[in-house]
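Q:
Now the structure itself:
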């Protein structure tokens with residue numbers, strides 16, 4: 001942004017550059033200071049470890065520049081097509097040429113924010129899903145708008161925009177009314193609807209626990225969930241964090257027995273529950289010796305996927321209650 005409306009005389013250039021350097025330095029000091037404050041907390045080393053799980057190092061460019069760049073880029077075009085914006089690519093291409101010729105400075109800034117950053121992600125991301133390029137859409141729309149202003153192909157461009165609007169309205173309707181039949185990229189459908197990351201049943205379980213609390217406000221309730229962060233237990237805590245009598249704790253994944261922490265809770269006289277997905281349970285639900293309160297089936301997995309072949313056609317979220325111990 002500093003080079004947009006760049007002044008002509010030296011004094012104005014110096015003043016603008018000085019303000020930029022000051023603001024950049026001030027921002028850098030704040031961000032670097034906040035980052036170093038994290039060193040005071042436990043498990044600070046996990047930041048770099050987790051980064052290595054999801055991002056290739058810079059030297060990867062010299063080792064294999066086209067992998068995963070090429071497959072990630074191909075997938076991103078598929079996402080644009082499935083979700084709707086792909087219909088605008090013709091107008092976007094016209095906008096690229098028109099913007100570069102008529103608004104060069106603005107084009108370079110928007111291109112670097114929206115397109116160049118997507119290309120960088122495609123090169124270095126070990127895990128690449130549709131939501132990682134969602135931020136690029138506003139910049140693509142801006143360049144497409146410039147393409148629409150271009151004098152030629154007005155009728156074709158108008159038809160394409162109408163198709164885009166109608167397709168978007170259809171997706172919005174399905175997202176609200178029938179999301180399981182909405183066209184979604186495989187990674188998004190799997191994450192949001194089918195697998196352990198899906199939030200199916202969490203709100204219903206929270207409502208059940210609230211009702212139990214209201215029936216006996218003096219009774220302590222402990223809920224153990226799979227994992228230690230993320231959809232569970234954090235998703236459940238979002239609904240229950242205002243009720244101090246209900247405690248939600250993580251108990252790990254891939255369980256083949258009732259965790260000791262829940263057994264101890266039950267011995268202490270607490271009403272104790274376990275919330276876990278079938279895919280994280282290594283034994284049959286009936287083998288745990290717990291009461292099954294409710295089961296919440298998730299969306300059907302797509303045939304041919306790894307999860308379908310290894311875990312079956314459908315995952316489920318279970319709410320168990322511990323019996324007397």
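Residue numbers (the UniProt record's numbering): 1 to 325. The beta-carbon is built from N, C-alpha and C at its ideal position, and this holds for glycine as well.
Is the beta carbon of residue 124 closer than 8 Å to that of residue 60?
A: Locating residue 60 in the chain shown gives position 60, counting from the first residue. Locating residue 124 in the chain shown gives position 124, counting from the first residue. Yes, Cβ-Cβ distance for residue 60 and residue 124 is below 8 Å.
Q: By DSSP, does residue 246 sit in helix, in strand, or in coil?
A: Residue numbering aside, residue 246 sits at position 246 when the chain shown is read from its first letter. In the displayed model, residue 246 falls within a strand according to three-state DSSP.
Q: Within the continuous beta strand (DSSP E) that includes residue 318, where are the two ends?
A: As a working mapping, residue 318 is identified with position 318 in the chain shown. From DSSP, the beta strand (DSSP E) with residue 318 extends over 316 to 321.
Q: Who are the Cβ neighbours of residue 82 in its own chain at under 6 Å, not counting the five residues just before and after it?
A: Working through the chain shown from its first residue, we reach residue 82 at position 82. Excluding residues within five positions, the ones whose Cβ falls inside 6 Å are 183, 185.
Q: For residue 130, which residues of its own chain have a beta-carbon under 6 Å away from its beta-carbon, when the five flanking residues on both sides are left out?
A: One-based indexing of the chain shown puts residue 130 at position 130. Excluding sequence neighbours, residue 130 sits near 79, 185, 188.
Q: Could you tell me whether the segment 201 to 212 touches the segment 110 to 122, where touching means 3 or more Cβ pairs closer than 8 Å?
A: no
Q: Mind listing, in chain order, the continuous alpha helix (DSSP H) runs of no fewer than 4 residues lying wholly within the segment 110 to 144?
A: Residue ranges of uninterrupted alpha helix (DSSP H) with 4 or more members, entirely inside the segment 110 to 144 and ordered along the chain, are 117 to 124.
Q: State the DSSP-derived secondary structure class of residue 27, mapped to helix, strand or coil.
A: For the purposes of this step, residue 27 is taken as the residue at position 27 of the chain shown. Three-state DSSP puts residue 27 in a helix.
Q: Is the CB-CB distance between residue 250 and residue 235 below 8 Å?
A: By one-based count along the chain shown, residue 250 stands at place 250. By one-based count along the chain shown, residue 235 stands at place 235. Going by C-beta atoms, residue 250 is not nearer than 8 Å to residue 235.
Q: In terms of alpha-carbon separation, which member of 292, 306, 304, 16 lies closest to residue 321?
A: Counting from one through the chain shown, the residue named residue 321 turns up at place 321. Cα-wise, what sits closest to residue 321 is 292.
Q: So the candidates are 102, 93, 128, 134; which of them puts its Cα closest to the Cα of residue 113?
A: Within the chain shown, the letter at position 113 stands for residue 113. When only C-alpha atoms are compared, the closest one is 134.
Q: Who are the Cβ neighbours of residue 88 in its own chain at under 8 Å, not counting the five residues just before and after it?
A: Position 88 of the chain shown, counted from the start, is the residue given in the question as residue 88. Taking residue 88 as the centre and dropping the five residues before and after it, the same chain places the C-beta of 140, 141, 144, 160, 161, 164 closer than 8 Å to its C-beta, in chain order.
Q: Counting Cβ pairs, one atom from each stretch, are 3 or more of them under 8 Å apart for the segment 277 to 295 and the segment 310 to 318?
A: yes
Q: By the three-class DSSP mapping on this structure, what secondary structure does residue 264 have?
A: Stepping through the chain shown from its first residue, residue 264 is reached at position 264. Helix.
Q: Where do the N-terminal and C-terminal ends of the beta strand (DSSP E) with residue 296 fall, by residue?
A: Counting from 1 along the chain shown, the entry for residue 296 is found at position 296. 291 to 297 is the extent of the beta strand (DSSP E) around residue 296.
Q: Let me check understanding here. Comparing Cα to Cα, which of 90, 109, 176 lies closest to residue 148?
A: The residue given as residue 148 occupies position 148 in the chain shown. It is 90 whose Cα lies nearest to the Cα of residue 148.
Q: Kindly confirm or deny that the segment 211 to 227 and the segment 237 to 253 touch, where touching means at least three C-beta pairs closer than 8 Å.
A: In short, these stretches touch, since the Cβ pair count reaches three.
Q: Spatial neighbours of residue 110 within its chain, please: C-beta separation below 8 Å, excluding the five flanking residues on both sides.
A: In the chain shown, counting from the first residue as 1, residue 110 sits at position 110. Closer than 8 Å at the Cβ level, and outside the excluded window around residue 110, lie 99, 139, 142, 143.
Q: What's the gap between the Cα of residue 105 and the Cα of residue 6?
A: Taking the chain shown and counting its residues from 1, the one referred to as residue 105 is at position 105. Taking the chain shown and counting its residues from 1, the one referred to as residue 6 is at position 6. Using only the alpha carbons, I get a separation of about 10 Å.
Q: Alpha carbon to alpha carbon, how far is residue 195 from residue 300?
A: Sequence index remark: in the chain shown, residue 195 carries index 195 (1-based). Sequence index remark: in the chain shown, residue 300 carries index 300 (1-based). Answer to the nearest angstrom: the Cα atoms are 9 Å apart.
Q: According to the neighbour-count rule (16 or more other Cβ atoms, all chains shown, within 10 Å of its Cβ), is residue 37 buried or exposed?
A: On the chain shown, residue 37 is found 37 positions in, with the first residue counted as 1. Flag for residue 37 reads exposed.
Q: Report, in whole angstroms, the separation of the C-beta atoms of residue 323 and residue 289, which I expect to be a contact under 8 Å.
A: Here residue 323 refers to the residue found at position 323 of the chain shown. Here residue 289 refers to the residue found at position 289 of the chain shown. 7 Å between Cβ atoms; contact.
Q: In angstroms, rounded to a whole number, what distance separates the CA positions of residue 294 and residue 42?
A: Start at 1 with the first residue of the chain shown, and residue 294 comes out as number 294. Start at 1 with the first residue of the chain shown, and residue 42 comes out as number 42. Each residue's alpha carbon lies about 37 Å from the other.
Q: Report the option in 85, 39, 197 whose CA atom is closest to the CA atom of residue 229.
A: Start at 1 with the first residue of the chain shown, and residue 229 comes out as number 229. Here the closest residue by C-alpha is 197.
Q: Please specify which runs of the beta strand (DSSP E), each continuous and at least 3 residues long, are wholly inside the segment 192 to 228, giving them in chain order.
A: 221 to 225
Q: Do you know how far the Cα of residue 166 is from the Cα of residue 311?
A: Counting from one through the chain shown, the residue named residue 311 turns up at place 311. Counting from one through the chain shown, the residue named residue 166 turns up at place 166. If I take the Cα positions, the gap works out to 37 Å.
Q: Report the three-state DSSP secondary structure of residue 258 (helix, strand or coil).
A: Taking the chain shown and counting its residues from 1, the one referred to as residue 258 is at position 258. Residue 258 falls in the coil class under three-state DSSP.
Q: Exposed or buried, what is residue 156 when buried is set at 16 or more other beta-carbons lying within 10 Å of its beta-carbon?
A: Within the chain shown, numbered from 1, the residue matching residue 156 stands at position 156. Under this definition residue 156 is an exposed residue.
Q: What do you reckon, are the CB atoms on residue 282 and residue 255 nearer than 8 Å?
A: Along the chain shown, read from residue 1 onward, the residue named residue 282 stands at position 282. Along the chain shown, read from residue 1 onward, the residue named residue 255 stands at position 255. Result yes, Cβ atoms of residue 282 and residue 255 sit closer than 8 Å.
Q: Short check: CB of residue 190 to CB of residue 84, under 8 Å?
A: Position 190 of the chain shown, counting from 1, holds the residue named residue 190. Position 84 of the chain shown, counting from 1, holds the residue named residue 84. Not a contact, by the Cβ cut-off of 8 Å.
Q: Ignore the nearest five residues each way along the sequence and tell me which others in residue 304's own chain have a CB closer than 7 Å to its CB.
A: Taking the first residue of the chain shown as 1, we reach residue 304 at position 304. None.
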